[in-house]
Every structure is written in structure tokens, then in C-alpha cells.
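First comes the structure, then the notes that go with it.
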Amino acid sequence: MGFKVSTRIDHKPGEKTLVLESGGEVNLPVTREVTCPKCGWHEAYYWVIQTRAADEPPTRFFKCTKCGYTWREYA
Numbered sequence: 001m002g003f004k005v006s007t008r009i010d011h012k013p014g015e016k017t018l019v020l021e022s023g024g025e026v027n028l029p030v031t032r033e034v035t036c037p038k039c040g041w042h043e044a045y046y047w048v049i050q051t052r053a054a055d056e057p058p059t060r061f062f063k064c065t066k067c068g069y070t071w072r073e074y075a
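Take the sequence shown: its letters are residues 1 to 75, numbered as in the working numbering.
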């Protein structure tokens, strides 16, 4: 059996890709202190990952609880 690639993600060397399974959001904390840039909703799941050098602040990722749009903010 083989695997079929349905989406290709290109990124820079040293960058990491986080893959969330559908339904995995229920284990993530929720914040109401952000606004979704796509739909304007004020509630999103969030997680923090160190995507750059260790002396740089971590990157915050958000996923809108209404439309599912995902974005990131650098601290």
C-alpha cells in the first residue's frame, strides 16, 4: 500500500510544520483576546511553539473557533 500526498507544504530550511488532526482542537486552550483576520470572530484556540532561534521569543499560533482559519503572531 502506498500513501497519496494531498497537500504539499514548502517551507524554509529550519522551519518546522505543525500538523493538527481534525478534532484535536478540543485539547487546546481558548482565548477571547484575539480577532480572526478572516471573519472577525473574537475566540480562537491557541498554542505556542519555538520556531526560531532559542534566544528569540516563541511564535503564537491561533485557530478561529468559528471559521477554522489559522494564523500566527510573532511575539
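Virtual Cβ for every residue (Gly too), placed ideally from N, Cα, C.
Taking the straight line between their C-alpha atoms, what separation do you get for residue i and residue j?
i, j, result
"D10", "W71", "17 Å"
"T65", "A44", "5 Å"
"T31", "P13", "31 Å"
"E15", "Y69", "20 Å"
"L28", "A54", "23 Å"
Could you check which residue in the options has the C-alpha nearest to that of residue i?
i, options, result
"C135", "K12, Y74, K63, T31", "Any answer about residue 135 is impossible in this case: the structure gives the chain only from 1 up to 75."
"Y46", "G14, K12, T35", "T35"
Report all residues from its chain with a CB closer than 6 Å to the CB of residue i; omit the five preceding and five following residues, and keep chain order.
i, result
"Y74", "T59"
"W41", "C64, K66"
"V48", "P58, R60"
Quick check on the DSSP output: the beta strand (DSSP E) that includes residue i runs from which residue to which?
i, result
"T59", "59-64"
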